[in-house]
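Here's the structure, in structure tokens; my notes come after.
Here it is, written out as structure tokens:
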């Protein structure tokens, strides 16, 4: 693998990328047909953030954050930086200085399949990070990786320019070419859920709303009264 | 195993079930003789809730939340829904719609040996969840399980109608038949701890309060001064 | 190994020990040459605390907190209690009563390679704990260990009297003999970071601030434009 | 929980218990309706053993093997000793001396939700062990537990006298009352698999043997040729 | 995601695919520039096998092996079946019946990011499996997935037709388009290692063979004699 | 931390170091008073080896095996190389070439808190390795560490020149200064176990050999007959 930094990647239209944030990870994941999720070990460094952005991708060596500095220059306003490693690592490859630099360029957050540090400062800055670990472990700048190549991050394939959506539930990836249709599907699903929520809040049962009773009976579910009840 | 849904399970008296919440998981666990705890991987989706309730149990297939809809109908005010899976799973089998439905029936919380999602909405609703993971992974509704049979959830045996107590420290199960005596023991322990806390806050040592010095000496503990001190 | 409790351990000067807290774990770890960190599974029981103190060490049997009571008596104002176990354990070996006792002696926090409980009470008391787990599991008082011997806690060697620094990023250990020089290095690093943060916030790139471009080119990094861009 | 040792537990008929071994864990688990499995972290200390026996159960404190000595006396020829702990542990609570003692009584193996040691000696003796870990960590004899009470071992409920089946695939538990019917179901399933294996070996497809094609089409599976093929 | 089964995928030339096996995972991984490895949790179900083949890929639901039956029909002699799941699972989705069917078609092995069972039978058949777990847990046939789409398996991207190499060290994926060049690089690396091994066996040091001494000195390595030696 | 390579470390007498192997890890660990064990995740790459040797220690960066080459030169006949990393790693930092080099110098084995590869070749060579993982992941040679400084390896403190004992049960460390006394204690324990094994094989119970019955009764153990027995 030759180390390379790809410049000027294509992105989905800015307003489409931005609109995803409102619908959240679960809705977007469902709207896409239940694909695209990163592993659930990816957790927010601080709670409450909900963002969407275009992926700038990094493939780094574990414990080496040299390529993150290279990637910063390739980021634009509206991006989310996505960092994968060539082997599992929990090292704190990202902290408040890199966050300051990304924030200065309008980057909306970081997704890193490794560790981050300076958690309190990140929260004070309002810069959200999703990572597999929190660790102060310092890193070296010794070995090249690549920027803006396809990467596997926390079990999900991310191509540069894909749409990343992240919130307290985790991180989901939407391929760039499907961004518009996925957004529409998410909007439709969201509207549908509002209606269902009202009915459920009023006491209707999912068994009835989703017409499950017949299928349950057909599958063989038997209802019995507890022997102690008489 | 034939799939079955047991209706009208017996529960402990409502005021006893409710009174447990005040004493918290650690006190109830100790009062019962140090048994009944679920594994410590069961964590609250959001901090600060402390509840008790009667268990309605579900045995579900991993990644399949069909039986949760069946279970909702069996829940009453004052219950806690307890979901076990036939194999380890972190899928997000529970979210804000099911929570809305449970809350409409007066259910006090969910304990699930799998994942949950819509964490922010759950916190806004004030519906507490204890789970092994947070994950937006969507689930299917394809294969039956059972409702209100005995289940092993996070390492603990739960019979329907048992009392569940959950707080930031985790989840504990009290068998229905022992509810009254366990509650009394928890109350006694709680009262005793208040007294001890005062003495400890005043500077008395546990070594003296618990009369440990003799036992330590008998067991062979030797006190030495550090060689650098003279 | 004979069980022993060492009294009157030497500590670093009180003002030096106290001054560490201001710089945080990541800075101290870097200032020491990237050593001394505990494993990243050590997490704060509640967020936001940042402390430093002199280590009083305990080697305990898993699930047995007898020696913690012995250790309390050896603690002074400005100390941090550090508990290692002879085998991995997540049991809740520490709760609000021991915290009350430690707080009464001016101890600044607990670092335990096992579980803690009473999380809500600990936060209300303002007593910080870093642990590998939160668990209500009760413990016995049956087998001796030692106090103030060298221990390996969460992968780091801790000698009694070493300086412990802990915050939301984790826990770092500074050998007592290096405390003064490490503090100076941390202060210098901190000052340097303030300057860099300003430049990065103003939009300067790390690539330029750290003069990385030449080294990257020499290492073989190639820049290419994305094929879809023209 | 009062510590207790229950004597003279009922067991399933000896020939039925013994006959299970021939069918292995996967077949018995399937024959029972896909229940009763212990978690897959339970692994044989050495490969190739396949046993069945009546469960003598132990609930032990982690790192404390006192109750194993109590349990030995309760074991008879044809038993399997099953050890659960009150909290997760990997300590080496069992080694060649206890194995010698069990083997002298005709016990067929050990299932322990903790660690074992003396692996090479165990293999030389031909005494099989299934455990969650291999560890030389020594244990104490300080705190009581119980013998022959219901326990949760590696996620499975085990009542004393239940039938245990263990092989390279893991461990399964069959309730005593269901032993005869489960054995018959396992025998039927085994006979059926022999027929299927022949057909599959001859090149028939599962798609046809199990008549899956229609169901797949109905569920919406679409077959397409790869675009590069023409 | 629409469920789909892609037929007639392109494969690399048969002799090239077959030749990879001789060089093993570590050599092929290095020859490709240190990419393409699956996570190290992928372990052989039995030791000693070393195979290479063309990937037929499956994306399955966790705990559901319906699509494996669909995939069997798409396999040819010289293939390796690669199974990814939409969420983490350890269920025993593969056993000796499916192995019999694959072996009848000339398939060389299975790589599955889930569990397998019937380990002893698999070894007796000589059918190698690499999996994340061994588990007898039975699976359902209820929900569609896809065959021969790109999948992420154990952290590695696998396109149908890619070359899979697997041995006791793990599993590596070589993109189909790079198969010929990667094979040549592996052969060259292998030849080079034979020479080095001879020199090392004769007592030459890597420090000298790789000319490391100057670089070490330049990087700042200092040699000191131990203070106890005089 | 300044990178350093310490030469000419003191070792325990050769015959004492060598004699440890005969007693195995469990016996040595017990003889030392139940200390010195590495974590149980350290497993042999192939089964059956049992060695002892003097520790040559390495502190390496994760994924960087440069310092292993430096360490080889410091090894003598009768040594065991012990490698710790500055952060958790599973990378395959050691393979058959380094093993060839170590074997040429008379080194008896490797203990590495990271991954190893070329497992089959290592077994064919008869060179034993204990590691936390098996992984073909290639490593870089970019950043210095140290040789023959005290390290924490898999949770155990290892000073250069300490005695390492390793077998199928794991790895134990004996401080150099205690080597002679620990060896004697191991020999005594071993002799004692031979006697006990005979008595246990003859059907005597541990309850009687260790005179446990009185202590059990005093601690409160109650014997009851099973209610179904009459």
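Protein chains in written order, with my numbering: chain A, 112 to 341; chain B, 112 to 341; chain C, 112 to 341; chain D, 112 to 341; chain E, 112 to 341; chain F, 112 to 341.
Beta carbons: idealized from backbone N, C-alpha and C, even for Gly.
Here the structure is a predicted model, which is why all the values come from computation and not from measurement.
Distance CB(residue i)-CB(residue j) smaller than 8 Å
i, j, result
"residue 247(D)", "residue 283(F)", "yes"
"residue 301(F)", "residue 138(F)", "yes"
"residue 169(C)", "residue 205(C)", "no"
"residue 152(C)", "residue 116(A)", "no"
"residue 191(C)", "residue 216(C)", "no"
"residue 142(D)", "residue 328(D)", "no"
"residue 213(F)", "residue 196(F)", "no"
"residue 256(C)", "residue 171(C)", "yes"
"residue 253(D)", "residue 166(C)", "no"
"residue 232(F)", "residue 199(F)", "no"
"residue 331(A)", "residue 114(B)", "yes"
"residue 279(C)", "residue 158(C)", "yes"
"residue 211(D)", "residue 299(F)", "no"
Buried versus exposed, by CB contacts within 10 Å (16 or more), residue i
i, result
"residue 134(E)", "buried"
"residue 120(C)", "buried"
"residue 303(A)", "exposed"
"residue 118(D)", "exposed"
"residue 306(C)", "exposed"
"residue 180(A)", "buried"
"residue 242(A)", "buried"
"residue 309(A)", "exposed"
"residue 224(D)", "buried"
"residue 338(A)", "exposed"
"residue 314(E)", "exposed"
Helix, strand or coil at residue i according to DSSP, with G and I counted as helix
i, result
"residue 217(B)", "coil"
"residue 195(F)", "strand"
"residue 126(E)", "helix"
"residue 160(F)", "coil"
"residue 254(D)", "coil"
"residue 166(A)", "strand"
"residue 146(E)", "coil"
"residue 137(B)", "helix"
"residue 265(B)", "coil"
Cβ shell of residue i (< 7 Å), same chain only, five flanking positions each side left out
i, result
"residue 251(D)", "174 and 175"
"residue 147(E)", "140, 267, 283, 284 and 285"
"residue 127(C)", "290, 291 and 294"
"residue 184(D)", "none"
"residue 234(A)", "157"
"residue 189(E)", "125, 128, 129, 164, 165, 217 and 219"
Interface flag, residue i vs chain G, CB-CB below 8 Å
i, result
"residue 201(B)", "This model lacks chain G altogether; the protein chains it does include are A, B, C, D, E and F."
Residues near residue i in its chain [Cβ-Cβ closer than 8 Å; skip 5 each side]
i, result
"residue 245(F)", "156, 203, 226, 227, 228 and 230"
"residue 321(C)", "none"
Nonlocal neighbours in the same chain, by C-beta distance under 6 Å from residue i, ignoring five residues either side
i, result
"residue 276(A)", "131, 136, 139, 163 and 283"
"residue 262(E)", "168, 170, 195 and 269"
- Task: Could you tell me which uninterrupted beta strand (DSSP E) segments, each at least 3 residues in length, are contained entirely in the stretch 204-250 of chain D, listed from first to last along the chain?
- Result: Fully enclosed beta strand (DSSP E) runs of 3 or longer: 220-227 and 240-245.
- Message: Give the list of continuous beta strand (DSSP E) stretches no shorter than 3 residues that lie fully inside the stretch 277-335 of chain B.
- Response: Along the length of the stretch 277-335 of chain B, whole beta strand (DSSP E) runs at least 3 residues long occupy 281-285, reported in chain order.
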